[in-house]
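Structure first, commentary second.
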Amino acid sequence: MKPLNVLSVASELFPIIKTGGLADVAGALPSALAQEGIAVATLIPGYPTVMKALERQEVVHQYPGFFGGPARLLSGRAGALDLFVIDAPHLFERSGSPYLASNGRDWPDNARRFAALGRAAADIGQGLVPGFVPDVIHAHDWQAGLAPVYLGLTDSPRPATVMTIHNIAFQGIFPADLLFELGLPASVFTVDAVEYYGQIGFLKAGLQLADRITTVSPTYAKEIQTPEGGMGLDGLLRARSRHVSGILNGIDDEVWDPAADPHLVQPFDRDRLEARAANKAALQERLGLKPDPDALLFGVVSRLSEQKGLDLVLAALSRLLKDDAQLALLGAGDPTLEGSFEAARVVYPGQVGCFFGYDEALAHLIQGGSDALLVPSRFEPCGLTQLCAMRYGSVPVVSRVGGLADTVIDANEMAIATGAATGIQFGPVNLTAAIDAFERTRNLWQDKDAWQRLQLNGMAADLGWSRPARQYANLYRSCVQAL
Ligand code: ADP
């Protein structure tokens, strides 16, 4: 099979810059795709952390004026990743979040910043870098959504385009009067291109114009085609449903390996499950929980937002913490939710432990030390933490939505009897169902053999990137052929 070149266009990339699952996916797919004969280079904005990580840097193009200032397109590497980087200090030389200023609001020039990402992608797509002409441009989320628009502005030959939705709640909607500032002609301000209810929709434009649309689980691919799940884009997606598919995310086997994880105090695997106890003890100590090996310890690793359903955990807290159970929470986001969990920590000393902020090491310790991991999301495109939990022998307790529905096999009678169960699912996403799920979790926990089977089943599941990489490779090939 002919080797393909793919330009992956992403606004975050693990391990260099990460706010969520998008970074994990963009960081892990390139090496998994290499096994499929596909060479991936990633185009990413030159945030300070990216500039620092870039090795063997070369200037491949100079833009005298690029969205308000001079810019350079650099190529180089970071670890095993091949990168193209937009070195545009006026757009990206800012510390902190890639999207938000320190006051928690979006950077006011986000339209220009991420239009620049789409523009540079289109330029590479049309041969700007002679040594790397992509067969496919794979645009991730709204930040990359304008790439197919810029590609369509000329008649030059173009690569195939794939647009992936990691979360349809983030759409990149901006005022119409920015059109010319973004270098777009009036002709694209139509319902068939960038226009979205009178404004400019970056994600909408990408979904309209990309050759193929994917999202990160088969169930979410269906949900976003409904009025409840589509957040305004369901009509477009239904109209294009022939080109919409869901490919589940994997997790990186090297980053998430309990047998060789530097963040654990004791490594373990399926044959050494008892070694988890030391991690549980370390987690209890780290978060000020009572050092009790027999307490059922629930973990949470999450953005704190309405989407993640953690208000249900708060509302059901007294039920969750019955019989000396404990909660270890790592999260960042909504200050109201942070305040409520902090208050819970004070009300339940030794039973609730929290850390607010981003902490990669603690995320690993929670996966390796908790007994069960809570993911009660209202919607969840794929979800990665339940996959990490399964790999680490923490039993996921999840709502039955999106990728959670696709990846966790509920411990119902049949699944237990056939030995397939890997966790606990509940639906609909409300307080009654959540409390019921916590009760079921407690009952299963009391049956040590049944609990261990859940752990071992989860740990044996194929959660890596090989299968998804094969699916992406097939998708790329089919859309290149269809061009
Ligand atoms: P989302 O992308 O919606 O935030 P996912 O479950 O797809 O949710 O991905 C979340 C990723 O971010 C996981 O790798 C998880 O371990 C990590 N993560 C979430 N919150 C934190 C945090 N506060 N500190 C460290 N890692 C976190």
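Using the numbering used here, you'd call the opening residue of the sequence shown number 793 and step up by one each time.
The C-beta atom is built at its ideal place from N, Cα and C for all residues, glycine as well.
In this text, all values refer to a predicted model and were calculated from it rather than measured experimentally.
Since I believe residue j is in contact with residue i (beta carbons under 8 Å), could you give me their beta-carbon distance rounded to a whole number of angstroms?
{"i": "Val801", "j": "Ala939", "result": "6 Å"}
{"i": "Phe859", "j": "Arg904", "result": "5 Å"}
{"i": "Leu1154", "j": "Gly1175", "result": "Rounded, the Cβ-Cβ distance is 19 Å, inconsistent with contact."}
{"i": "Gly1215", "j": "Gly1250", "result": "7 Å"}
{"i": "Ala912", "j": "Val941", "result": "Not a contact, Cβ separation roughly 13 Å."}
{"i": "Cys1146", "j": "Leu1079", "result": "7 Å"}
{"i": "Ala863", "j": "Ala880", "result": "4 Å"}
{"i": "Ile1005", "j": "His1035", "result": "6 Å"}
{"i": "Phe906", "j": "Gly990", "result": "Not confirmed; about 20 Å, so no contact."}
{"i": "Lys1082", "j": "Gln1143", "result": "7 Å"}
{"i": "Asp1198", "j": "Ser1009", "result": "5 Å"}
{"i": "Gly1123", "j": "Phe1090", "result": "Between Phe1090 and Gly1123 the Cβ distance is about 13 Å, and since that is not below 8 Å, they are no contact."}
{"i": "Phe884", "j": "Tyr839", "result": "5 Å"}
{"i": "Asp1163", "j": "Ser1191", "result": "With 8 Å as the limit, Asp1163 and Ser1191 do not qualify as a contact, their Cβ atoms being about 19 Å apart."}
{"i": "Ala1044", "j": "Asp816", "result": "Per the sequence shown, the amino acid found at residue 1044 is Asp instead of Ala. With 8 Å as the limit, Asp1044 and Asp816 qualify as a contact, their Cβ atoms being about 7 Å apart."}
{"i": "Pro1173", "j": "Thr1007", "result": "6 Å"}
{"i": "Val928", "j": "Val1272", "result": "6 Å"}
Ligand 1 and residue i: does the residue's C-beta get closer than 7 Å to at least one heavy atom of that ligand?
{"i": "Asp915", "result": "no"}
{"i": "Cys1271", "result": "no"}
{"i": "Leu1071", "result": "Reading the sequence as shown, one finds Asn at residue 1071 and not Leu. No, the beta carbon of Asn1071 sits no closer than 7 Å to any heavy atom of ligand 1."}
{"i": "Thr1177", "result": "yes"}
{"i": "Gly1250", "result": "no"}
{"i": "Ala1155", "result": "yes"}
{"i": "Cys1146", "result": "no"}
{"i": "Gly1123", "result": "yes"}
{"i": "Glu1278", "result": "One cannot answer for residue 1278 here, as it falls past the ends of the chain, which runs 793 to 1275."}
{"i": "Gly1194", "result": "no"}
{"i": "Asp1151", "result": "yes"}
{"i": "Val1093", "result": "yes"}
{"i": "Leu1119", "result": "no"}
{"i": "Gly868", "result": "no"}
{"i": "Asn895", "result": "no"}
{"i": "Gly812", "result": "yes"}
{"i": "Asp816", "result": "yes"}
{"i": "Asn1204", "result": "no"}
{"i": "Asn959", "result": "yes"}
- Item | Cβ pair count under 8 Å reaching 3, the segment 1128-1139 against the segment 1056-1072 | no
- Item | Segment contact, 8 Å Cβ cut-off, at least three pairs: the segment 1203-1214 with the segment 1048-1066 | no
- Item | At least three beta-carbon pairs within less than 8 Å, the segment 941-956 to the segment 1009-1016 | no
- Item | Touch test, the segment 991-1002 against the segment 1018-1033, Cβ-Cβ under 8 Å, three pairs minimum | yes
- Query: So does the segment 1095-1113 actually touch the segment 1031-1042, counting three or more Cβ pairs closer than 8 Å?
  - Reply: No, because fewer than three Cβ pairs between the segment 1095-1113 and the segment 1031-1042 fall closer than 8 Å, the two stretches do not touch.
- Curious, which full-length beta strand (DSSP E) runs of at least 3 residues does the segment 1007-1084 contain? 1036-1038
- Whole runs of the alpha helix (DSSP H) within the segment 1225-1272, excluding any shorter than 4 residues: Fully enclosed alpha helix (DSSP H) runs of 4 or longer: 1240-1252.
- Item | Three CB pairs or more closer than 8 Å across the segment 1226-1235 and the segment 1110-1129 | yes
- Task: Could I get the ranges of all uninterrupted beta strand (DSSP E) runs contained in the segment 863-927, with 3 residues as the minimum, in chain order?
- Result: 863-870 and 873-879
- Between the segment 907-922 and the segment 867-879, do at least 3 Cβ pairs fall closer than 8 Å? yes
- Query: At a cut of 8 Å, does the segment 1161-1179 reach the segment 968-983 through at least three beta carbon pairs?
  - Reply: no
- Of all the beta strand (DSSP E) runs that stay within the bounds of the segment 1171-1221, which reach a length of 3 or more residues? 1187-1191 and 1216-1218
- Entirely enclosed beta strand (DSSP E) segments - the segment 816-859, minimum 3 residues: 830-837 and 847-855
- Entirely enclosed beta strand (DSSP E) segments - the segment 917-995, minimum 3 residues: 928-932, 952-957 and 991-993
- Message: Ignoring anything shorter than 4 residues, give me the alpha helix (DSSP H) runs that lie fully in the segment 1130-1170, in order along the chain.
- Response: 1152-1161
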